[in-house]
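Enquirer: Residue numbers (the working numbering), protein chains in the order written: chain A, 1 to 239; chain B, 1 to 239.
Built from N, CA and C at the ideal position, the CB exists for glycine as well.
Questions regarding the structure given below will be posed in turn.
There are 2 protein chains.
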Amino acid sequence: MEFSRYNKKFDYSFTFGSYPTIELIKNRPTSVIKIITHSKLSGSNGFEIIHRLAGENKIKLNQNDRLIQKISIKDNCFVAGVFKKYTMSLDGQSNHIVLVNPKDSGNLGTIARSMLAFNFSDLAIITPAVDIFKPETIRASMGAIFSLNIQLFESFKKYKEFFPERNLYAFQTTGSENLSKIEFAKPASLVFGNESSGLEELEKGFKTRVKIPQSDKVDSLNLAVSVGIALNNVYSKGL
Amino acid sequence: MEFSRYNKKFDYSFTFGSYPTIELIKNRPTSVIKIITHSKLSGSNGFEIIHRLAGENKIKLNQNDRLIQKISIKDNCFVAGVFKKYTMSLDGQSNHIVLVNPKDSGNLGTIARSMLAFNFSDLAIITPAVDIFKPETIRASMGAIFSLNIQLFESFKKYKEFFPERNLYAFQTTGSENLSKIEFAKPASLVFGNESSGLEELEKGFKTRVKIPQSDKVDSLNLAVSVGIALNNVYSKGL
């Protein structure tokens, strides 16, 4: 099978570079189709680990410099993983991050990385949204995507129908409660709008509308920064 | 004068889109060379504001669809600002963010935006570093770059010689003190390593080595997220 540069319509996707490829094999070994290596990978730290993990999981390694160059999104990429896309289901007892229509792959990947850092494992995404398996998302996540449960919902209403017993916290610049004062109740869903519009249309059904206090010199924080601040706060409160 | 697509060597740079262009005119009017508009800008909100601000500051507006398309880094860009690069000096009495060798323009822009949100106006950058005037940096900052004082230093040592009386806080995953427990003393300098290496080489002279508590499931947080969490913490403590 020959592979092409990534397209959203594919039923497979790629990891580029040692770090995300190692996370892929560790966390989703049964989804790996193959690992493609470049002749320059040999001798590096990544080479040893990838060879060992691939052996343990009976995954094929193919050296193919030309193919890596053809499909890679970054320069000097010496290893790529090819994996079949998979679906996941959220844990109803866990705390969730809910992203409404996220548009930016860098932000989504960064959020995945922050979630792992602050022990959140469940991410709900309301579509339309950026492709979770886009190589740029995976790269920004440093492979954290492979450790999370991510489930897509076609509307926020559908999410609420699926999980009716949640404590819903809307993060909004117009929120009425300061983040630092809130005692979160489990299971909590922290809900964020996207990079250009808030949650105004969804305002019903929230337990609390939360704001991250800030100056009036900017319209809002970057989405990944807002989520990071919220996660850090929840983590430090030991929810 | 005809303009080309941005190159680091130029003594001028560009803003693309209404939001950063408005911030440019508002905050650095004397650095503006000209504003280039696209015929599709007329009728939009941005059009009104940009025309008014340009008029008040005696700045030339030129409609030139072809030129915008030629120099723009994004699709559907209907206004661009051209400005002369300028130098700035930090305020020795203020709190500073210090970034050691930042490499990513998106992170740098996002950090600028967070600084403005949390009332930090002074940013020290230790070179080599990403270009602060790169259009991608400006775009990620939403124009916040134009409200900050940013000064470059060729080494951290030079920064310390320039500002000998600072309380220096090193942010490190190996830090000994938890962020939430720290009482920051003014004037504070919050110092961060770059996207791939920490501050190990600079470990002398720090007042406190600070860590953002997190799980051991990731190596570190994204740089812009770390800085955002630190700024939010300092802001909420009212430093």
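Using a Cβ cut-off of 8 Å, pull out every chain A residue sitting near B/Pro213, in sequence order please.
Expert: Translated into the one-based positions of the second sequence, residue 213 of chain B becomes position 213. Chain A residues near B/Pro213: Tyr235, Ser236.
Enquirer: Go to A/Lys34, then tell me how far its beta strand (DSSP E) extends in each direction, as first and last residue.
Expert: Here residue 34 of chain A refers to the residue found at position 34 of the first sequence. It spans 32-37 - the beta strand (DSSP E) in which A/Lys34 sits, taken as one unbroken run.
Enquirer: Between which two residues does the alpha helix (DSSP H) containing A/Ser13 stretch?
Expert: The sequence position of residue 13 of chain A within the first sequence is 13, counting from 1. From DSSP, A/Ser13 is part of no alpha helix (DSSP H) but of the beta strand (DSSP E) over 12-16.
Enquirer: Quick check: the region 10-24 of chain B against the region 128-136 of chain A, are there 3 or more CB pairs under 8 Å?
Expert: Output reads no: the region 128-136 of chain A does not touch the region 10-24 of chain B.
Enquirer: Is B/Gly143 near B/Leu24, with beta carbons less than 8 Å apart?
Expert: Stepping through the second sequence from its first residue, residue 143 of chain B is reached at position 143. Stepping through the second sequence from its first residue, residue 24 of chain B is reached at position 24. In contact: B/Gly143 and B/Leu24 (Cβ atoms closer than 8 Å).
Enquirer: Starting from A/Ala224, follow its DSSP beta bridges and name the residues at the other end.
Expert: Position 224 of the first sequence, counted from the start, is the residue given in the question as residue 224 of chain A. None; A/Ala224 has no bridge partner.
Enquirer: For a test of the three-state rule: what should DSSP assign to B/Gln63, helix, strand or coil?
Expert: By one-based count along the second sequence, residue 63 of chain B stands at place 63. It is a strand residue.
Enquirer: In angstroms with no decimal places, state the Cα-to-Cα distance between B/Leu199 and B/Glu48.
Expert: Your numbering for residue 199 of chain B matches position 199 in the second sequence. Your numbering for residue 48 of chain B matches position 48 in the second sequence. Straight-line Cα distance between these residues: approximately 47 Å.
Enquirer: Can you list, in chain order, the residues of its chain with a C-beta nearer than 7 Å to that of A/Gln151? Leave out the 5 residues immediately preceding and following it.
Expert: One-based indexing of the first sequence puts residue 151 of chain A at position 151. Here the set comprises Met88, Ser89, Leu90, Ala124.
Enquirer: B/Arg139 CB to nearest chain A CB: under 8 Å?
Expert: Position 139 of the second sequence, counted from the first residue, corresponds to residue 139 of chain B. False, the Cβ-Cβ gap to chain A never drops below 8 Å.
Enquirer: So the candidates are A/Lys70, A/Arg28, A/Val79; which of them puts its Cα closest to the Cα of A/Asn57?
Expert: Position 57 of the first sequence holds residue 57 of chain A. Checked all of A/Lys70, A/Arg28, A/Val79; the closest Cα to A/Asn57 is A/Arg28.
Enquirer: Whose Cβ in chain B lies nearer than 7 Å to the Cβ of A/Ile229?
Expert: What you label residue 229 of chain A is simply residue 229 of the first sequence in a count that begins at 1. Ordered by position in chain B, the residues that pass the 7 Å Cβ test against A/Ile229 are Gly228, Ile229, Asn232.
Enquirer: Taking Cβ-Cβ distances shorter than 7 Å, what residues in chain B pair up with A/Met88?
Expert: Position 88 of the first sequence, counting from 1, holds the residue named residue 88 of chain A. Chain B residues near A/Met88: none, gap ~17 Å exceeds 7 Å.
Enquirer: Tell me the start and end of each unbroken alpha helix (DSSP H) in the region 150-237 of chain B that is at least 4 residues and wholly inside, in chain order.
Expert: The region 150-237 of chain B contains these whole alpha helix (DSSP H) runs: 156-162, 223-236.
Enquirer: Candidates B/Gly193, B/Phe206, B/Ser176: which alpha carbon is nearest B/Leu168's?
Expert: Reading the second sequence from its first residue, position 168 is the one you call residue 168 of chain B. Looking at the Cα atoms, B/Phe206 is the closest of the given residues.
Enquirer: Answer with yes or no whether the minimum CB distance from A/Arg113 to chain B is below 8 Å.
Expert: Against the first sequence, residue 113 of chain A aligns to sequence position 113. It does: the Cβ of A/Arg113 has a partner Cβ on chain B nearer than 8 Å.
Enquirer: Can the beta-carbon of B/Leu67 be found less than 8 Å from the beta-carbon of B/Thr37?
Expert: Counted from its first residue, the second sequence places residue 67 of chain B at position 67. Counted from its first residue, the second sequence places residue 37 of chain B at position 37. For B/Leu67 and B/Thr37, no; Cβs fall outside 8 Å.
Enquirer: Decide yes or no for the touch test of the region 223-231 of chain A against the region 223-230 of chain B: beta carbon pairs closer than 8 Å, at least 3 of them.
Expert: Yes, since at least three Cβ pairs between the region 223-231 of chain A and the region 223-230 of chain B fall closer than 8 Å, the two stretches touch.
Enquirer: Alpha carbon to alpha carbon, what distance is there between A/Lys217 and A/Ala188?
Expert: Locating residue 188 of chain A in the first sequence gives position 188, where the first residue counts as 1. Locating residue 217 of chain A in the first sequence gives position 217, where the first residue counts as 1. Those two C-alpha atoms are separated by around 30 Å.
Enquirer: Can you name, in chain order, every residue of its own chain whose Cβ lies under 6 Å from the Cβ of B/Leu190, other than the five neighbours on each side?
Expert: Within the second sequence, the letter at position 190 stands for residue 190 of chain B. If we look at B/Leu190 and ignore the five residues flanking it on each side, its Cβ neighbours are Ile97, Tyr169, Ala230.
Enquirer: Taking all protein chains shown into account, decide if A/Asn178 is buried (16 or more other Cβ within 10 angstroms of its Cβ) or exposed.
Expert: The residue given as residue 178 of chain A occupies position 178 in the first sequence. Exposed.
Enquirer: Do A/Phe171 and A/Val100 have their beta-carbon atoms positioned less than 8 Å apart in this structure?
Expert: The count along the first sequence starts at 1 and reaches residue 100 of chain A at position 100. The count along the first sequence starts at 1 and reaches residue 171 of chain A at position 171. Taking 8 Å as the Cβ cut-off, A/Val100 and A/Phe171 do not qualify as a contacting pair.
Enquirer: Hey, B/Lys237 and B/Phe192 are a contact pair by Cβ (cut 8 Å); roughly how many whole angstroms apart?
Expert: Residue mapping note: residue 237 of chain B aligns to position 237 of the second sequence, counting from 1. Residue mapping note: residue 192 of chain B aligns to position 192 of the second sequence, counting from 1. About 18 Å separates the two Cβ atoms, so there is no contact after all.
Enquirer: Can you tell me where the beta strand (DSSP E) holding B/Ala80 begins and where it ends?
Expert: Within the second sequence, residue 80 of chain B is the residue found at index 80, counting from 1. Where B/Ala80 is concerned, the enclosing beta strand (DSSP E) stretches over 79-84.
Enquirer: Which term fits A/Lys74, buried or exposed, when burial requires 16 or more other beta carbons within 10 angstroms of its beta carbon?
Expert: Locating residue 74 of chain A in the first sequence gives position 74, counting from the first residue. It counts as exposed.
Enquirer: Using a cut-off of 7 Å between C-beta atoms, extract the partners of A/Gly106 located in chain B.
Expert: The residue given as residue 106 of chain A occupies position 106 in the first sequence. Simply Gly106.
Enquirer: Less than 8 Å separating the beta-carbons of B/Gly106 and B/Thr21?
Expert: If you number the second sequence from 1, residue 106 of chain B lands on position 106. If you number the second sequence from 1, residue 21 of chain B lands on position 21. No, the pair does not count as a contact, with Cβ atoms beyond the cut-off.
Enquirer: Applying the criterion that 16 or more other CB atoms from any shown protein chain within 10 Å of the CB defines a buried residue, is A/Ser72 buried or exposed?
Expert: Position 72 of the first sequence, counting from 1, holds the residue named residue 72 of chain A. Flag for A/Ser72 reads buried.
Enquirer: DSSP puts B/Ala124 in a beta bridge; with which residues?
Expert: The residue you call residue 124 of chain B lines up with position 124 of the second sequence. BP columns for B/Ala124 point to B/Val98, B/Gln151.
Enquirer: When you compare the CB of A/Phe10 with every CB in chain B, is at least one pair closer than 8 Å?
Expert: To locate residue 10 of chain A, count along the first sequence from 1; it is residue 10. Output row for A/Phe10: interface = no.
Enquirer: To the nearest angstrom, how far is it from the Cα of A/Ala140 to the Cα of A/Leu108?
Expert: Counting from one through the first sequence, the residue named residue 140 of chain A turns up at place 140. Counting from one through the first sequence, the residue named residue 108 of chain A turns up at place 108. A/Ala140 and A/Leu108: Cα-Cα distance of roughly 8 Å.
Enquirer: By alpha-carbon positions, which one of A/Ser114, A/Asn194, A/Arg209, A/Pro164 ends up nearest to A/Lys181?
Expert: In the first sequence, the residue the question calls residue 181 of chain A occupies position 181. Ranking A/Ser114, A/Asn194, A/Arg209, A/Pro164 by Cα distance to A/Lys181 puts A/Arg209 first.
Enquirer: What residues in its chain sit with their C-beta under 7 Å from that of B/Lys85, if we drop five residues either side in the sequence?
Expert: Indexing the second sequence from 1 puts residue 85 of chain B at position 85. Around B/Lys85: Asp11, Tyr12, Ser13, Phe133.
Enquirer: Using C-beta distances below 6 Å, list every residue in its chain close to B/Tyr159, excluding the 5 sequence neighbours before and after it, in chain order.
Expert: Translated into the one-based positions of the second sequence, residue 159 of chain B becomes position 159. These residues qualify, in order along the chain: Ala124, Phe153.
Enquirer: Thinking C-alpha only, which one of A/Asp122, A/Ile126, A/Pro164 is nearest A/Asn149?
Expert: Taking the first sequence and counting its residues from 1, the one referred to as residue 149 of chain A is at position 149. Measuring from the Cα of A/Asn149, the nearest candidate turns out to be A/Asp122.
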